[in-house]
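Chemist: Pasting in a structure now, in structure tokens, and then I'll have a few things to ask.
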Amino acid sequence: MSGSREVVLLTGVAGFIGSHCAEALLKRGARVIGVDSFDSFYSAEIKRRNIGEVERAAGAESGFELVEADICDAETMERTMRDRGVTSVLHLAARAGVRPSIEDPALYAKVNVEGTAVLMEAARKAGSVDRFVMASSSSVYGNNEKVPFSEEDDVNEPISPYAATKRACELIGYTHWKLYGMPVACLRFFTVYGPRQRPDLAIAKFIRLVVSGEAIPMFGNGDTSRDYTFIDDI
């Protein structure tokens, strides 16, 4: 917002992407209200270390506040946005992972879909939020064989509960924009890597195997390919 300090509510701030985005926002002078529940999807100790990096970043002393809360807690999300005068939302919190989503689809629907709906409604009620940016996923493309992918490609055939929840969030965003006029942007991330990446991701696993002198397992015939995105390019 011109002439005033941007106040960004950033969900998933203790995560890999979230902590880097928090640092980038602080560097450009924004005030960051970081929200995270420190759930058990992976080590809370790693997430606490990520927060430590954010708190040591330039601008954090006067510009960073951590709110430990669940994004599905509508009352807390509404109060946080209203009381802090939030101007933008960067929604990165989600239950991630394709395979785990097959084992517990209900949890993924609750966290990802309900959480997104709660945040969008809180943003609407706050009255001060002028844009909402959220993380979607390249998984929404399913088994699309057309390369390269495009925003115009059909994404109505997800092949995992995780992908289905991300597509549902995109549709909620579209509906919210149509009803209330708030600009909503959905970013379809392709596997992100770099410092602080999640320990369950392929590149982190590969590095651990290489360092320990172990072989990297090959799945299938080795002909598959995948796009990776370095964290600084997000």
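Each residue of the sequence shown is one higher than the one before, starting from 1 at the first, in our numbering. Yeah, the Cβ is synthetic: ideal placement off N, Cα and C, and Gly gets one too.
Helix, strand or coil, according to DSSP, for Glu65 in the structure here?
Modeler: Counting from one through the sequence shown, the residue named residue 65 turns up at place 65. Strand.
Chemist: In terms of residues, what are the limits of the beta strand (DSSP E) holding Asp223?
Modeler: Stepping through the sequence shown from its first residue, residue 223 is reached at position 223. Run containing Asp223: none; DSSP gives neither H nor E here.
Chemist: Measuring only the C-alpha atoms, how far is Leu151 from Asn112?
Modeler: Along the sequence shown, one-based indexing puts residue 151 at 151. Along the sequence shown, one-based indexing puts residue 112 at 112. Before going further, note that residue 151 is Glu rather than Leu in the sequence given. Within the model, the alpha-carbon separation for Glu151 versus Asn112 is close to 21 Å.
Chemist: Since Ser19 is in the alpha helix (DSSP H), which residue starts that stretch and which ends it?
Modeler: What you label residue 19 is simply residue 19 of the sequence shown in a count that begins at 1. According to the DSSP assignment, Ser19 belongs to the alpha helix (DSSP H) that extends over 16-27.
Chemist: Write down the C-beta distance between Leu10 and Leu107 rounded to the nearest angstrom, noting that I regard them as a contact closer than 8 Å.
Modeler: Sequence index remark: in the sequence shown, residue 10 carries index 10 (1-based). Sequence index remark: in the sequence shown, residue 107 carries index 107 (1-based). For Leu10 against Leu107, the beta-carbon gap comes to about 23 Å, at or over 8 Å, which does not count as contact.
Chemist: Please classify Phe64: is it buried, with 16 or more other beta-carbons within 10 angstroms of its beta-carbon, or exposed?
Modeler: Taking the sequence shown and counting its residues from 1, one reaches residue 64 at position 64. Result: buried.
Chemist: Reducing DSSP to helix, strand and coil, say where Gly34 ends up.
Modeler: On the sequence shown, residue 34 is found 34 positions in, with the first residue counted as 1. Correct three-state label for Gly34: strand.
Chemist: Could you tell me if Val147 is buried or exposed, where buried requires 16 or more neighbouring beta carbons within 10 angstroms of its beta carbon?
Modeler: Here residue 147 is taken as the residue at index 147 of the sequence shown, counted from 1. Val147 should be labelled exposed.
Chemist: Identify every run of the beta strand (DSSP E) within the region 169-227, keeping only runs that are complete inside it and at least 3 residues long; order them along the chain.
Modeler: 184-189
Chemist: Relative to the C-alpha of Ser160, which candidate in Thr175, Ile207, Ser139 has its C-alpha closest?
Modeler: By one-based count along the sequence shown, residue 160 stands at place 160. The shortest Cα separation from Ser160 among Thr175, Ile207, Ser139 belongs to Ser139.
Chemist: At what residue ranges does the region 109-146 contain a whole run of the beta strand (DSSP E), taking only runs of 3 or more?
Modeler: 131-137
Chemist: Report all residues from its chain with a CB closer than 6 Å to the CB of Pro183; omit the five preceding and five following residues, and keep chain order.
Modeler: Residue mapping note: residue 183 aligns to position 183 of the sequence shown, counting from 1. If we look at Pro183 and ignore the five residues flanking it on each side, its Cβ neighbours are Arg131.
Chemist: Looking only at DSSP bridge pairs, what is Tyr230 linked to?
Modeler: Taking the sequence shown and counting its residues from 1, the one referred to as residue 230 is at position 230. Checking the displayed sequence, the identity of residue 230 turns out to be Phe instead of Tyr. Looking at the DSSP assignment, Phe230 forms a beta bridge with Tyr193.
Chemist: How would you label Asp36, buried or exposed, when you count the other beta carbons within 10 angstroms and need 16 or more for buried?
Modeler: Working through the sequence shown from its first residue, we reach residue 36 at position 36. That one is buried.
Chemist: Look up Leu10 in the DSSP assignment and say whether it is helix, strand or coil.
Modeler: Locating residue 10 in the sequence shown gives position 10, counting from the first residue. Looking at Leu10 - three-state DSSP - the assignment turns out to be strand.
Chemist: What is the rounded straight-line gap between the Cα of Thr116 and the Cα of Arg56?
Modeler: One-based indexing of the sequence shown puts residue 116 at position 116. One-based indexing of the sequence shown puts residue 56 at position 56. Spanning the two alpha carbons is a distance of roughly 29 Å.
Chemist: According to DSSP, simplified to helix, strand and coil, what is Val89?
Modeler: What you label residue 89 is simply residue 89 of the sequence shown in a count that begins at 1. Val89: strand per DSSP, three-state reduction.
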